[in-house]
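*Asks:* Sharing a structure with you now.
There are 2 protein chains.
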Amino acid sequence: MLTISQLASYADVTVRAVRHYHAKGLLPEPERDRSGYRRYDAHAVVQLIKIRTLADAGVPLSRVRELLTAGEEEFTAAVADIDRRLRAEIRERQRHRERIAQLAAGDSLALPPEAVAYLNRLRELGLPELLIGGERDAWILVAAQLPQHMAFYMKMKQQQLDDPATLEFYRDLAEMIHWEADDPRVAAIGDRLVGFLEAAEPEEWDGYHEDQMTDDLVQLLDSVFLDSVPIARRLMQQLEERGWRGWTKFERIPEK
Amino acid sequence: MLTISQLASYADVTVRAVRHYHAKGLLPEPERDRSGYRRYDAHAVVQLIKIRTLADAGVPLSRVRELLTAGEEEFTAAVADIDRRLRAEIRERQRHRERIAQLAAGDSLALPPEAVAYLNRLRELGLPELLIGGERDAWILVAAQLPQHMAFYMKMKQQQLDDPATLEFYRDLAEMIHWEADDPRVAAIGDRLVGFLEAAEPEEWDGYHEDQMTDDLVQLLDSVFLDSVPIARRLMQQLEERGWRGWTKFERIPEK
DNA sequence: CCTTGACCTTGACCCTACGTCAGGGTCGCA
DNA sequence: TGCGACCCTGACGTAGGGTCAAGGTCAAGG
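From first to last, the protein sequence lines are chains A and B.
All residue numbers for the first sequence refer to the numbering used here, where the first residue is 46 and numbers rise by one.
All residue numbers for the second sequence refer to the numbering used here, where the first residue is 46 and numbers rise by one.
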């Protein structure tokens, strides 16, 4: 007769695993000797080897129980089922590999490459890191909600940077993030921005922020701006005095 | 400000997962409103999306915590590490697939194909299923301990079956399993068996059960025989009276 | 006879990444 | 004011065991 550790070593499993299989009902509890030790016969070794064979093949223990007593057809059906699961798990991990391969550090975490390129261009233009961080966060949010539109958005943004006047204005906006909340220059910026908006109206921004972008998302993006730039609140106040509101999605305040 | 379910839906995770990340320290606990509800800002959405991005890439949460604050080099090192783990898991599952592909029902569970072929031959020879079951269990044990020698053992066994005299004797042995414990014919079988053993001596069985097979294993295999055939004990007793012992590995009892 | 080391017992907590109650408080709307 | 949808904490469950803890047992050697 065998002790539990002898049994375990024949099947190359741990003693703990054997007890686990007892608890799970995979392996019947054997007789005990007078001191309460489990005593096994050779048949238990055979059973245990079968259990390990299935478990080593990736069969979950809950199914091992069925399979040990299953007939031929059930068995082959179950095997097919398990093979499907394994294939799915392999595919999942292959996708994981592809994803982590994309994950360099920094911006590219949670952003598609075209967005990373855009952020890098902002960086090359010498814009302050604080503003770029705000942009990055905003685009992370957009990329999470509307991944299929990121390519389009990024193309639009890149085109804006190609226009010298817009770029110049962008630089001035960037300056703004360091201003105190009561800086008087905000009024001038507000004027210029409204000038831009009214010159561009009405069709130029077409498709830029259409139906896809829900009001909720727009509000969330606005709050990113409001939270990351101290003077943002003042600026938006200026805009509202001039008949405009919003930031992510400017719109004329309807006259009442 | 966002509620927990709004936050969760922006990052496409469950509310439970968000709380889990709080508990794990991945996402800082936000301010509470006066009724104790968590209130989030847009930055929390960004953080949560980053967490999901890493987790979706197969990064364990314990490492996500490090990676969120890691610099460029640590990050790429960690990514390489995770990729290694993923590759290992994929390989593991591919091995599992190969193994379960081998697992038809019945005998082949835990046995190599040549052993299955041997058992099938016994079946074709019309030997009783009870005896074949005993053989199968014995070979499962051997295959688990000495997988590299199975091919050789099976070749030997097949050769034995090719010899008409041995085969005939095999059939008679097979009959035996139905006998009562006090059947007088056991003596005759004992005589014939000893005849075989002494005729075959000493070199014919060479390499069949050599050093590889430990005494422990031999004893285990003997016990399979003793447990599965009622009259086995009587037969071995007969053998001992004639100067032989064992079953798996017959040996002459040294004269004292 | 005693010690020592190896083995055995049960019970309980640990891991991942959350899911799923249970029991109770809160919000917004009709 | 009542209802459904939301929020809170706390606790238990998952798969497959690992790892103590606290104690009983066994065999060998001094």
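For each residue, glycine too, the CB sits at the ideal point set by N, CA and C.
Since we're looking at a predicted model, the values are computed, not measured.
#1: Under 8 Å Cβ-Cβ, which residues of chain A neighbour B/S50?
#2: Measuring only between beta-carbons, confirm whether A/I96 sits less than 7 Å from chain B.
#3: Compare the beta carbon distance of A/L71 and A/V104 with 7 Å and say whether it is the shorter of the two.
#4: Tell me where the alpha helix (DSSP H) around B/A95 begins and ends.
#5: Alpha carbon to alpha carbon, what distance is there between B/D267 and B/A196?
#6: Is the beta carbon of A/L131 sitting closer than 7 Å to the one on B/H223?
#7: If you count every other CB in all the chains shown that lies within 10 Å of the CB of A/Q205, and 16 or more means buried, which is it?
#8: Report the neighbours of A/Y55 on chain B: residues whose CB is nearer than 9 Å to its CB, in chain order.
#9: Decide if B/M221 is buried, meaning its Cβ has at least 16 other Cβ atoms within 10 Å, or exposed.
#10: Please compile the residues from chain B whose C-beta is within a distance smaller than 7 Å of the C-beta of A/E134.
#11: To test your reading of the DSSP string, which unbroken alpha helix (DSSP H) runs of 4 or more residues are found completely within the stretch 210–283 of chain B?
#12: Here's a check: name, in chain order, each residue in its chain whose Cβ is nearer than 7 Å to the Cβ of B/P209, leaving out the five neighbours to either side.
#13: Assess, as a yes-or-no matter, whether the stretch 263–279 of chain B is touched by the stretch 177–196 of chain B under the definition of 3 or more beta carbon pairs within less than 8 Å.
#14: Under a three-way DSSP split, which group does A/E300 fall into?
#15: Skipping 5 residues on each side, what residues in its chain have a beta carbon closer than 7 Å to that of B/L106?
#16: Give the interface partners of A/H141 over in chain B, defined as CB-CB distance under 7 Å, in chain order.
#17: In the stretch 109–181 of chain A, which residue ranges form an unbroken alpha helix (DSSP H) of at least 4 residues, counting only runs that do not cross its ends?
#18: Who pairs with A/L47 in a beta bridge, going by DSSP?
#19: According to the neighbour-count rule (16 or more other Cβ atoms, all chains shown, within 10 Å of its Cβ), is A/G81 buried or exposed?
#20: Given 6 Å as the limit, tell me if B/Q205 has its C-beta closer than that to any heavy atom belonging to the ligand FMN.
#21: Shortest alpha-carbon distance to B/Q190 belongs to which of A/P73, A/E296, A/L164, A/I94?
#22: Ordered along the chain, which non-local residues of its own chain (more than five positions away) have a Cβ less than 7 Å from that of B/L164?
#23: In whole angstroms, what separates the C-alpha of B/A160 from that of A/I145?
*Replies:* Result, derived from the coordinates:
#1: Per Cβ cutoff of 8 Å: no residues; B/S50 is ~13 Å from chain A at best.
#2: Judged by the 7 Å Cβ criterion, A/I96 is not in contact with chain B.
#3: Between A/L71 and A/V104, the gap from beta carbon to beta carbon reaches 7 Å or more.
#4: At residue 95 of chain B the sequence reads Lys, which differs from the Ala that was named. Taken as a continuous stretch (DSSP letters only), the alpha helix (DSSP H) holding B/K95 covers 87–101.
#5: Looking at the two C-alpha atoms, the distance is approximately 21 Å.
#6: Going by beta carbons, A/L131 and B/H223 fall outside the 7 Å limit.
#7: A/Q205 counts as exposed, since fewer than 16 other C-beta atoms from the protein chains shown sit within 10 angstroms of its C-beta.
#8: L186, A189, Q190, D261, L262, L265, listed in chain order.
#9: So B/M221 counts as buried.
#10: Within 7 Å Cβ-Cβ: R138.
#11: Counting only runs of 4 or more, we get 231–245, 260–273.
#12: Spatial neighbours of B/P209 in its own chain (CB-CB distance under 7 Å, excluding positions within 5 residues in sequence) are not present.
#13: Yes, the stretch 177–196 of chain B is in contact with the stretch 263–279 of chain B.
#14: Here A/E300 carries a coil assignment [DSSP, helix/strand/coil].
#15: Once the five neighbours on either side are set aside, the close Cβ partners of B/L106 are K69, L71, A100.
#16: Under the 7 Å cutoff, chain B gives A102, G103, L131.
#17: If we require 4 residues or more, the alpha helix (DSSP H) runs fully inside the stretch 109–181 of chain A come out as 117–147, 158–169.
#18: Its beta-bridge partners are A/Y85.
#19: Exposed.
#20: Absent from the structure shown: the ligand FMN. Ligands present: none.
#21: Checked all of A/P73, A/E296, A/L164, A/I94; the closest Cα to B/Q190 is A/I94.
#22: Correct list, in chain order: D152, I177, E180, R181.
#23: Spanning the alpha carbons of B/A160 and A/I145 requires a straight line of approximately 45 Å.
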